[in-house]
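The structure appears right after this line, and notes come after that.
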Amino acid sequence: MEFFGGGYGLERFLTRCLYPSLGSVPVCWCAMVFFIKEEGWHFSFLLCGFLPPVAAYLGFRGKREIRTGTAAAAAALALATLPLTFVPASLEMS
-2 MEFFGGGYGL ERFLTRCLYP SLGSVPVCWC AMVFFIKEEG WHFSFLLCGF LPPVAAYLGF
58 RGKREIRTGT AAAAAALALA TLPLTFVPAS LEMS
């Protein structure tokens, strides 16, 4: 089955959902450590430590079991982790 004019569209989609979810783990953990050193501890930083491994797990399972919804949820969760972390932290500061 071809999507968007190229072969292996489903495999490409699953891979493109997997890589950001796996890459978000070290990025979010480093951001969490940096902001704890700069701003101090906020409870919303727990989201930055918990959500990226969940997204990576969902991305891996979505690719392995060929579930597009799970893979898309993993990519969305990986991209939404930092805003979900920093909005409550900024409300906590004020």
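Quick note: the sequence shown uses our numbering, first residue -2, plus one each step.
Even glycine gets a Cβ: it sits at the ideal position worked out from N, Cα and C.
With a cut-off of 8 Å on Cβ pairs, the stretch 13 to 24 is in contact with the stretch 46 to 66, counting three or more such pairs. The alpha helix (DSSP H) runs of length 4 or more contained entirely in the stretch 35 to 69 are, from start to end of the chain, 42 to 61.
Here Tyr16 carries a helix assignment [DSSP, helix/strand/coil]. Counting C-beta pairs with one atom in each stretch, the stretch 58 to 73 and the stretch 27 to 36 have fewer than three that are closer than 8 Å, which means they do not touch. Take the alpha-carbon of Val84 and the one of Glu8: they are about 34 Å apart.
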